[in-house]
Amino acid sequence: MELDKHVEKILWTEQQIFQRVSELASEITQDFTPQTKAPAIVGVATGAFLFLADLVRKIQLPISVDFIRADSYGSGTVSDGNPRIPFDLKVDVEGKHVILVEDIVDTGSTLSCLIDHIKSKGASSISVCTLLDKPARRKVHFELVGKGKYYCGFECPDYFVVGYGMDFAELYRNLPYVGVLKPEIYS
Ligand code: 5GP
Ligand code: MG
Ligand code: MG
Numbered sequence: 001m002e003l004d005k006h007v008e009k010i011l012w013t014e015q016q017i018f019q020r021v022s023e024l025a026s027e028i029t030q031d032f033t034p035q036t037k038a039p040a041i042v043g044v045a046t047g048a049f050l051f052l053a054d055l056v057r058k059i060q061l062p063i064s065v066d067f068i069r070a071d072s073y074g075s076g077t078v079s080d081g082n083p084r085i086p087f088d089l090k091v092d093v094e095g096k097h098v099i100l101v102e103d104i105v106d107t108g109s110t111l112s113c114l115i116d117h118i119k120s121k122g123a124s125s126i127s128v129c130t131l132l133d134k135p136a137r138r139k140v141h142f143e144l145v146g147k148g149k150y151y152c153g154f155e156c157p158d159y160f161v162v163g164y165g166m167d168f169a170e171l172y173r174n175l176p177y178v179g180v181l182k183p184e185i186y187s
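When the letters of the sequence shown are read in order and numbered with UniProt numbering, they come out as residues 1 to 187.
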């Protein structure tokens, strides 16, 4: 079956994403222009890879780009213990303004763990830029660091979405839009 035929519904088209990513990049450019230090952009692997790639190309500032990975506990478990970070930063973020780039914020546990981790490395501020946010499902509260800001592309209804970096069982990350799969594919 051709890839598009696996999709039940498109929530955000390529064009809508392009437009919103441009807006977010302009906001970030404006907000960080007064800073003397180059911000460190940190993508959360793997889901943020396309969003990160599109976003950084539109930020009009010198920035560093790096990736980090966090393995959260199985579903339903709150990661207030010791979440694993199997893939850590290469860039030294001490004294830097870090912008964590995520595909989607759901329970908040991944971000909470990553913020604590990056804070312990001495970042002077931590902002978050997420393509999607599902506020209805938040379980873990996270706090930005310093004068960190929260940037969000779109508020996401409570569906399991795929595409533009986001997977179902490691597939569908290459869809250029964000959508919902047909029920028979999830089951
Ligand atoms: P949290 O730790 O906030 O519960 O979840 C964060 C991670 O879970 C996201 O970065 C993403 O990888 C995954 N996730 C949460 N909701 C969805 C969704 O609707 N679709 C996909 N593909 N992944 C999701
Ligand atoms: Mg993610
Ligand atoms: Mg995933």
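The C-beta atom is built at its ideal place from N, Cα and C for all residues, glycine as well. None of the values given here were measured: they were computed from a predicted structure.
Tell me whether the beta-carbon of V145 lies closer than 7 Å to the beta-carbon of V161. Numbered from its first residue, the sequence shown carries residue 145 at position 145. Numbered from its first residue, the sequence shown carries residue 161 at position 161. In this structure, V161 does not lie closer than 7 Å to V145 by Cβ.
For the 8 Å Cβ check, are there 3 or more pairs between the segment 167-175 and the segment 27-39? no
Contacts around V78, its chain only, beta-carbon distance under 8 Å, and the 5 residues preceding and following it disregarded: Here residue 78 refers to the residue found at position 78 of the sequence shown. Low confidence applies here, because V78 scores a pLDDT of 43, under 50, leaving its location unreliable; read the following figure in that light. Closer than 8 Å at the Cβ level, and outside the excluded window around V78, lie T107, S109, K139 and V140.
Span separating the alpha-carbon of C152 from that of L132: Within the sequence shown, numbered from 1, the residue matching residue 152 stands at position 152. Within the sequence shown, numbered from 1, the residue matching residue 132 stands at position 132. Going from the Cα of C152 to the Cα of L132 covers about 6 Å.
With V42 and V101 assumed to form a contact (beta carbons below 8 Å), what rounded beta-carbon distance in angstroms separates them? Position 42 of the sequence shown, counted from the start, is the residue given in the question as residue 42. Position 101 of the sequence shown, counted from the start, is the residue given in the question as residue 101. Contact flag correct, Cβ pair sits at about 7 Å.
If you measure from the CB of G146, is any heavy atom of ligand 1 nearer than 6 Å? Sequence index remark: in the sequence shown, residue 146 carries index 146 (1-based). No, the beta carbon of G146 sits no closer than 6 Å to any heavy atom of ligand 1.
Look at the Cβ atom of T29, then the Cβ atom of L61, and state whether they are nearer than 7 Å. Indexing the sequence shown from 1 puts residue 29 at position 29. Indexing the sequence shown from 1 puts residue 61 at position 61. Contact flag set, yes.
Three-state secondary structure (DSSP) at V140? Position 140 of the sequence shown, counting from 1, holds the residue named residue 140. Three-state DSSP puts V140 in coil, outside helix and strand.
Going by DSSP, what residue range makes up the alpha helix (DSSP H) through P183? Looking up residue 183 in the sequence shown gives position 183. P183 to Y186 is the extent of the alpha helix (DSSP H) around P183.
To which residues of the same chain is S112 closer than 6 Å at the C-beta, ignoring the five residues directly before and after it? Reading the sequence shown from its first residue, position 112 is the one you call residue 112. Closer than 6 Å at Cβ, skipping near neighbours: V140 and F142.
From G47, D66, H97 and D103, residue whose alpha carbon lies closest to that of D88: As a first step, residue 88 is located in the sequence shown; it is residue number 88 there, counting from the start. It is D66 whose Cα lies nearest to the Cα of D88.
Answer with buried or exposed for E155, where buried requires no fewer than 16 other C-beta atoms within 10 angstroms of its C-beta. Here the question's residue 155 lines up with position 155 in the sequence shown. Exposed is the call here.
If I follow the unbroken beta strand (DSSP E) through K9, where does it start and stop? The residue you call residue 9 lines up with position 9 of the sequence shown. Run containing K9: V7 to W12, per the beta strand (DSSP E) assignment.
Backbone secondary structure at A38 - three-state DSSP: Counting from one through the sequence shown, the residue named residue 38 turns up at place 38. Residue state, collapsed to three classes: coil.
Of the residues Y164, L181, T46 and H97, the one placed nearest K149, counting alpha carbons only: The residue you call residue 149 lines up with position 149 of the sequence shown. For K149, the nearest C-alpha among the options comes from H97.
Nearest to S125 by alpha carbon, out of D167, A40, A53 and I10? Stepping through the sequence shown from its first residue, residue 125 is reached at position 125. The residue with the shortest Cα to Cα distance from S125 is A40.
Can you tell me where the alpha helix (DSSP H) with A48 in it begins and where it stops? Taking the first residue of the sequence shown as position 1, residue 48 is located at position 48. A48 -> no alpha helix (DSSP H), and no H or E assigned at all.
On the three-state DSSP scale, how would you describe S64? Translated into positions along the sequence shown, residue 64 becomes position 64. Correct three-state label for S64: strand.
Cβ neighbour criterion (16 or more within 10 Å) applied to G165: Here residue 165 is taken as the residue at index 165 of the sequence shown, counted from 1. Buried is the call here.
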